[in-house]
Each structure stands twice: as C-alpha cells, then as structure tokens.
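Numbering (UniProt numbering), first residue to last: 1 to 110.
Backbone N, C-alpha and C fix where the C-beta goes; we use that ideal spot for every residue, glycine too.
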C-alpha cells in the first residue's frame with residue numbers, strides 16, 4: 001500500500017531543485033528568481049504587454065497586445081487617439097507594479 005502511495009503522489013521530480021515550498025506564504029519561491037520592475041516597465045514601453053509576459057502573466061500580456069491592436073484600428077474613428085496612449089501607459093505602469101508586488105511577496109517570506 002505504501003509503495004502505491006509513493007508512486008501515485010511522488011511530486012519530487014516535478015519541483016525545480018532550486019525551489020523552496022513556502023506554505024505559509026502560499027507561493028513557490030525559487031532562489032534568485034527576482035525580476036526587475038524597471039525591465040518590465042521598459043519592455044512594456046517598447047511593446048505594451050511584453051512586460052506582463054516577462055512577469056509571467058501571459059493572458060494579461062496578450063490581452064493588452066490585442067487591446068492595442070483594436071485601439072490602433074479605432075484610430076480611424078478618432079476614439080483610438082484616446083485609447084491607444086491610455087492602453088500604452090497602463091501597460092507600463094501595470095508591468096512595473098506587477099513585478100514589484102511579486103518581489104515584495106517573495107521578500108516577505110521567511
């Protein structure tokens with residue numbers, strides 16, 4: 001019975017060797033995996049949504065890229081002149097705050 005349990009629930013091979021499980025923080029902390037908020041903001045300044053992808057939130061990053069493309073199409077209707085820069089600025093600020101929050105969460109763990 002114990003042998004079947006170990007085979008079924010053996011998760012040691014799925015966890016990165018450099019990772020530490022922090023149940024009290026409810027995150028998996030990998031040593032040396034802090035990310036730079038400035039790099040995230042710079043990436044989003046170049047291509048909005050790229051900073052979110054760098055931070056690990058693919059869905060949000062691709063949604064911002066799609067929103068930017070839609071906004072670019074709306075320039076023909078004049079409203080795109082407002083939405084295009086708004087999405088761009090939001091992407092830069094959001095990427096910076098997202099990475100900063102992730103780093104703070106990692107630092108707060110004992």
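Annotation: residue 34 to residue 74 spans about 38 Å, alpha carbon to alpha carbon.
Residue 108 is classed as exposed because its beta carbon has fewer than 16 other beta carbons within 10 Å across all chains shown. About 5 Å separates the CB atoms of residue 92 and residue 41; that is less than 8 Å, so the two are in contact. Straight through space, the alpha carbons of residue 51 and residue 96 are spaced by roughly 8 Å.
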